[in-house]
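S.K.: Here you go, one structure.
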Amino acid sequence: MPRLSIDITADEHRKLKAIAALKGQTIKDFVMSRALAEDTAGADEEAAALEELRAFLEPRIEAARRGETYEITMEEIIRKAKARRAG
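Counted from 1, the sequence shown has number 96 at position 85 by my numbering; the numbering is strictly sequential.
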């Protein structure tokens, strides 16, 4: 099977990972769906996903600044994000 490698920054990787997680996808699935998409709605979806991520993370960042921490797994974060999108 052919393989594709691209160099991206750590920040770009974090953004891709977060957007993919919010959509319940792997980074590979997210990138492939965007790269092979036939419409231009992806940019709007990405902006919406980034805004949703910002809204999701903002209270947690503020809590961390106050010294509050949470014990939560990535799987729990993804599950909660999916539940919020569905409901």
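Every residue gets a Cβ at the ideal spot worked out from N, C-alpha and C, and that includes glycine.
When you compare the region 73-83 with the region 32-52, are there three or more beta-carbon pairs, one atom per stretch, that lie closer than 8 Å?
M.R.: Not touching, per the Cβ criterion.
S.K.: Terminal residues of the continuous alpha helix (DSSP H) containing Ala32?
M.R.: From DSSP, the alpha helix (DSSP H) with Ala32 extends over Ala21 to Leu33.
S.K.: If you draw a straight line from the alpha carbon of Leu61 to that of Ile30, how long is it in whole angstroms?
M.R.: Their Cα atoms are separated by approximately 7 Å.
S.K.: Mind checking which residues open and close the alpha helix (DSSP H) that includes Met43?
M.R.: Counting along the chain, the alpha helix (DSSP H) containing Met43 begins and ends at Ile38 to Ala46.
S.K.: For the alpha helix (DSSP H) that contains Met85, what are its first and last residues?
M.R.: Counting along the chain, the alpha helix (DSSP H) containing Met85 begins and ends at Met85 to Ala97.
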